[in-house]
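Protein chains: 2
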Amino acid sequence: MNILSYGLLGLLTRDESSGYDLMLRIQPHWPAKHSQIYPLLSRMEEDELLSSRWIEQTDKPDKKMYKITDKGIQVLLEWMYTPVSTSPIRDELSLRLICFQITNPALLRQWIEERRQWYQIRQDYYEDLLKALPDEAVQPTHSYFGDYIVNTKAAMKAKAGMEWCDWVSDLIRSGHAEQKVSNSH
Amino acid sequence: MNILSYGLLGLLTRDESSGYDLMLRIQPHWPAKHSQIYPLLSRMEEDELLSSRWIEQTDKPDKKMYKITDKGIQVLLEWMYTPVSTSPIRDELSLRLICFQITNPALLRQWIEERRQWYQIRQDYYEDLLKALPDEAVQPTHSYFGDYIVNTKAAMKAKAGMEWCDWVSDLIRSGHAEQKVSNSH
DNA sequence: CGTCCCATGTAAAAGGTTACATGATTTC
DNA sequence: GAAATCATGTAACCTTTTACATGGGACG
């Protein structure tokens, strides 16, 4: 049982879902391909954390709907009371920046511009997800409160990324800077 | 040749380094264990991107110092002109939050508190790295400008994370909220 | 006396990506 | 006619983590 498996179990506490649908639902929080998800679901069914049934469809391919079992809920609950891990952050851009001097300043400007666009797309994406939530999700007792704060986190992180890009752009435009305090942008 | 390999090559454009030292130097930007780095360095030496020599030490174990070759610089430069990838973001906390309702509110408060502390430690860490840089690193022409902006990025991200934690804490303290606009905290 | 830092390596296992494989329906 | 969406699965490969393996010096 890895983190992704628990995440899938968690999604299944809300709705009965197909593997394909679970892939789409978990993507915003934990990118995973179908080739990784289908075997995990099979294994969890073997371990009796999930049960499944085939739904026949006429216009679309048939699908296998998964449901969490009592044992599944128990296993999920046990996980919830274990320490939360923090994932390592790996950004190729960082590795390029620390040696970008061997190239030219235009390349730096291009990277920052591209990255800013990427952050913008991400911010828009998560704000769309927020808009799709019911208004009552802002209340801590609401069942979608978790989605509300998680999507807000992603949007805030993207915004911080954009601010960093703008800060770098200003720095390279002016060619110099007064201070090197990180939170004085 | 994976991203980590290029990152190691990049660090070696600055100084001749041992594998152990490269591990310590790359950790802030790309977490990697020695067991991953040593084989990559060996392979790059085989491919003649690096050369090495043993340095005998009396008080510490002997070490193998790596130097980048002309071929290595060429390969690194080619990589610099390829598209920059963006790493997927995976956070266990997000997966827990979207189904935390099956537990209790105290657990949520605990997770946010712990996460805030973690962000604080990260911010302090990257600000210490910034303080260790020479003052002139703020200038885009300086050889440490890359480190300056990369460490600032990490510090800003950590700060954004803390702001999110505080925002969530406020939400759960007040028990309700007026708006659900992400950038109105 | 135990733990941390230095320093190098290998092996096995787990996690994740890319490619292979199939196939109907819808949309441009 | 091409591409995207829905829908499931397997196999090969690459990346990363954990564990095995060794050993001296410093510090408390």
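If you're matching them up, the sequences are chains B and G in order. Take the first sequence: its position 41, counting from 1, is numbered 41 in the UniProt record's numbering, and each next residue is one higher. Take the second sequence: its position 39, counting from 1, is numbered 39 in the UniProt record's numbering, and each next residue is one higher. C-beta: ideal position from N, C-alpha, C; glycine also.
query: Euclidean distance between Cα positions of H34(G) and L107(B); result: 31 Å
query: Per DSSP, the bridge partner or partners of Y66(G); result: S17(G) and S52(G)
query: Beta-carbon proximity list for I3(B), same chain, < 8 Å, skipping 5 on both sides; result: W30 and S85
query: Under the three-state DSSP convention, the category N151(G) falls into; result: helix
query: H34(B) - containing alpha helix (DSSP H), residue span; result: H34 to E46
query: D21(G) versus L49(G), E46(G), E48(G) and D62(G), residue with shortest Cα-Cα distance; result: D62(G)
query: Neighbouring residues, chain G, relative to V168(B) (Cβ below 7 Å); result: I149
query: Coarse secondary structure for C165(B), derived from DSSP in three states; result: helix
query: Start and end residues, alpha helix (DSSP H) containing K131(B); result: P105 to A132
query: Residue-level contact to chain B via CB, E92(G), 7 Å cutoff; result: yes
query: contact_flag[the region 9-28 of chain G, the region 149-157 of chain B] where n(CB pairs < 8 Å) is 3 or more; result: no
query: Sequence-distant residues of the same chain with beta carbon closer than 8 Å to L97(G), five excluded per side; result: L108 and W111
query: Exposure of E164(B), with buried meaning 16 or more beta-carbon neighbours within 10 Å; result: In the sequence as presented, Glu is not what sits at residue 164(B); that position holds Trp. Buried, since its Cβ has 16 or more Cβ neighbours within 10 Å.
query: Rounded separation between A32(B) and Y119(B) - CA only; result: 20 Å
query: 7 Å Cβ cutoff met for S5(B) and L50(B); result: no
query: Cut-off 6 Å between Cβ atoms - residues of its own chain near G161(G), not counting five sequence neighbours on either side; result: Y119
query: Reduced DSSP secondary structure (H/G/I, E/B, other) of K180(G); result: Unreliable placement is indicated for K180(G), whose pLDDT of 46 sits below 50; the coordinate value is still reported in the next sentence. The answer is coil: DSSP assigns K180(G) none of H, G, I, E or B.
query: Beta-carbon proximity check, S52(G) vs Y66(G), cutoff 7 Å; result: yes
query: Separation of M44(G) from S94(B), as counted between CA atoms; result: 21 Å
query: Closest residue to Q117(G) among I73(G), V138(G) and D166(G) (Cα-Cα distance); result: D166(G)
query: Any chain B beta carbon closer than 7 Å to I121(G); result: no
query: Within chain G, partners of P88(B) - CB distance below 7 Å; result: P31
query: C-beta contact flag for A137(G) and Y148(G) at 7 Å; result: yes
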